[in-house]
Each structure stands twice: as structure tokens, then as C-alpha cells.
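In the working numbering, the protein residues as written are 14 to 329.
Glycine included, each C-beta is placed from N, C-alpha and C at the ideal position.
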């Protein structure tokens, strides 16, 4: 018999007996008031040569459920256990993981500092100050710096620290050019293999983009445009193409382009250009439209960064 605080394991009947306020005893409890004829049968006694199996939870806890205090097999939290039947196993409820880790959120914050002009090319990344400002430890800040170095926004120098990598207008133009080329592959595929459901969804998003732009809601226009491109990439792009686009999307802070003056109209116009090109049936036109739209966005962003002093005229 395995003794636990407030509970006992009966190897002959495989019951968990909760005995509050008194010493544990080995006993075979009678059927409780919640047991019915439809209750699942008790599993047969395991061979005596085997060690007793750990307590296992089941989903249907009746009125006779008891709280078993945590023991070496139960983890840190008390377990609600039906002591009449412990043979049925149910997967524990798992809390969904957050979509983004703390390190990713810190990296997003540092990207914003860079593109807002608070950190300039060549500036040291103040890791301790960032950790204090965000109320996190130094570990997620270091993870963020490593991620940004992998994305090319930060340079790591041994024994010196991390610094904002030099970037100019040409770097931004190249970034948007690559995005346009990858999206162009998806547009070509959608021309070759039209997807009626995807095309209907694209038309619906075009209407939403138009309405949001007319209403002056730049955030909604940007979100609908991102959804438009996501549908395009899902319908025509491959898994590898989508992985490349996800990696490229980490260069700019999330939603940063929505705050650029003129971005809403540029996104509205670009969505119309892409959909018209796809429905024209020309692979070349569809591919070219995606590249031209991204070039248009790149020039708009470069002008904004020059106007805010993030980029200087010398590097444009």
C-alpha cells in the first residue's frame, strides 16, 4: 500500500480512499451514492509483480469527488479525484501557449525604437535600461538582441555589446523588393490555378479596404490589407514561400507602416492592382503588379523615415 497525506492506495481494489481528519487505512470502500449501473467497471487488479500505477484523473467527477492533496505523483496542485473509479484517463486541460514570447515582444519594442529614431545606426542597445523600462529580466532582452541580429537590424561585437546595424534607403528598398518577388510567385500560382473561394474572399476584402479608407480608419485599412495578402499567399503560395514572408515581416514593427502618411491610400491602390492583375489571367502581369506595389510602399516608407530624421539625405 502507498501511503499519502490524507489518502491511501489499495492495491487489491485500486481505489483511492480519502480519509480527512484521521489516519489512513487500507480499506475497500463500498459503492458511493453517485455510482449507478451505468458506471464504468473497475479495471481488473494488476499483477502483483508490477508496481502500483500512479493515480490517474478522469473527466466525470461525481458528487463523491474528493480533493487529494498533492503528493509525489500529483504535481503542485490538488487533484479532484473520483475515488470509486480511477481507471479512465483524460488528457489534462492545457492552457494555450501565448502567441508571442517575452523575447519576441522585447524585440518588437526595440524595432519600434529603431524605426522611430530613438535608436540610431551605431547606437549601443541599452539592454539594462530596456529591461527596467519593460519590467522584465535581462534574459528576454538578450534573446531579443539575438533575434534582431539574426534579422540584420543589430550587430553583435565581442566584449563590446550590441549595436544598431547601419541601414539606409537601399536596404529598405531591397527588403520590399524581395517581399514583392515572393508574393509575385503566389500571384502567378493563383493565375494558373484559380481558387473561386479565395477570389471571392479577396473581393470582399477589397470592399472592406475601400470602406475603411473612405472612413479614414488607417488601422482597419492596414489590417484588411494584411488579411488580403495573407489570403493571396495561402491560396497561391507554398509553405516555403510563406516561411520566407514571415521572416521578412520581422524587419518592421507590427503595424508601423499603418502610421506612415499616405499608407492607407497606397495599400488600397496596391490591393486593387494585385487583384486586377490576377484576374487578367496574365502570370507576368500578376508577378509585376506585386513587385510594383511593394516598390511603391518602399518609397513611401523611405520618404517618411527621411522626414522624421531616421534616414539622412546623404544615404538616400
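Close beta carbons around residue i, own chain, < 7 Å, minus the five adjacent residues each side
{"i": "residue 314", "result": "185, 270, 273"}
{"i": "residue 226", "result": "234, 277, 278, 281"}
{"i": "residue 323", "result": "128, 130"}
{"i": "residue 149", "result": "115, 119"}
{"i": "residue 147", "result": "119, 122"}
Whole-angstrom distance between residue j and residue i, CA atom to CA atom
{"i": "residue 152", "j": "residue 143", "result": "11 Å"}
{"i": "residue 188", "j": "residue 311", "result": "8 Å"}
{"i": "residue 224", "j": "residue 237", "result": "10 Å"}
{"i": "residue 208", "j": "residue 215", "result": "11 Å"}
{"i": "residue 168", "j": "residue 202", "result": "37 Å"}
{"i": "residue 251", "j": "residue 266", "result": "25 Å"}
{"i": "residue 294", "j": "residue 309", "result": "23 Å"}
{"i": "residue 155", "j": "residue 145", "result": "13 Å"}
{"i": "residue 217", "j": "residue 210", "result": "11 Å"}
{"i": "residue 243", "j": "residue 257", "result": "13 Å"}
{"i": "residue 259", "j": "residue 302", "result": "20 Å"}
{"i": "residue 230", "j": "residue 253", "result": "33 Å"}
{"i": "residue 321", "j": "residue 232", "result": "20 Å"}
Beta-carbon spacing of residue i, residue j below 9 Å
{"i": "residue 137", "j": "residue 176", "result": "yes"}
{"i": "residue 178", "j": "residue 165", "result": "yes"}
{"i": "residue 249", "j": "residue 200", "result": "yes"}
{"i": "residue 119", "j": "residue 157", "result": "yes"}
{"i": "residue 212", "j": "residue 306", "result": "no"}
{"i": "residue 140", "j": "residue 174", "result": "yes"}
{"i": "residue 319", "j": "residue 182", "result": "yes"}
{"i": "residue 300", "j": "residue 197", "result": "yes"}
{"i": "residue 287", "j": "residue 245", "result": "yes"}
{"i": "residue 204", "j": "residue 296", "result": "yes"}
Contact set for residue i: own chain, Cβ-Cβ below 8 Å, skip 5 residues either direction
{"i": "residue 135", "result": "176, 177, 179"}
{"i": "residue 317", "result": "273, 274"}
{"i": "residue 255", "result": "246, 247"}
{"i": "residue 261", "result": "188, 191, 192, 195"}
{"i": "residue 219", "result": "241, 284, 285, 288"}
{"i": "residue 222", "result": "234, 237, 238, 241, 280, 281, 284"}
Same chain, Cβ closer than 6 Å to residue i, neighbours up to 5 away in sequence not counted
{"i": "residue 73", "result": "Low confidence applies to residue 73: its pLDDT is 44, below 50, so where it sits in the model is not reliable enough to give any reading."}
is_contact[residue i, chain B] using C-beta, thresh 9 Å
{"i": "residue 269", "result": "No chain B is present in this structure, which holds just one protein chain."}
- Query: Should the segment 118 to 127 be regarded as contacting the segment 149 to 169, the criterion being three or more beta carbon pairs within less than 8 Å?
  - Reply: Inter-segment contact for the segment 118 to 127 and the segment 149 to 169 is present: three or more beta-carbon pairs are separated by less than 8 Å.
- Starting from the N-terminal side, write out each stretch of the beta strand (DSSP E) that is 3 residues or longer and does not extend beyond the segment 127 to 195. Fully contained in the segment 127 to 195 are the following beta strand (DSSP E) runs of length 3 or more, in chain order: 167 to 170, 174 to 177.
- Task: Quick one: which unbroken alpha helix (DSSP H) runs of 4-plus residues sit fully inside the segment 234 to 320? Chain order, please.
- Result: You should have 252 to 261, 276 to 292, 296 to 320.
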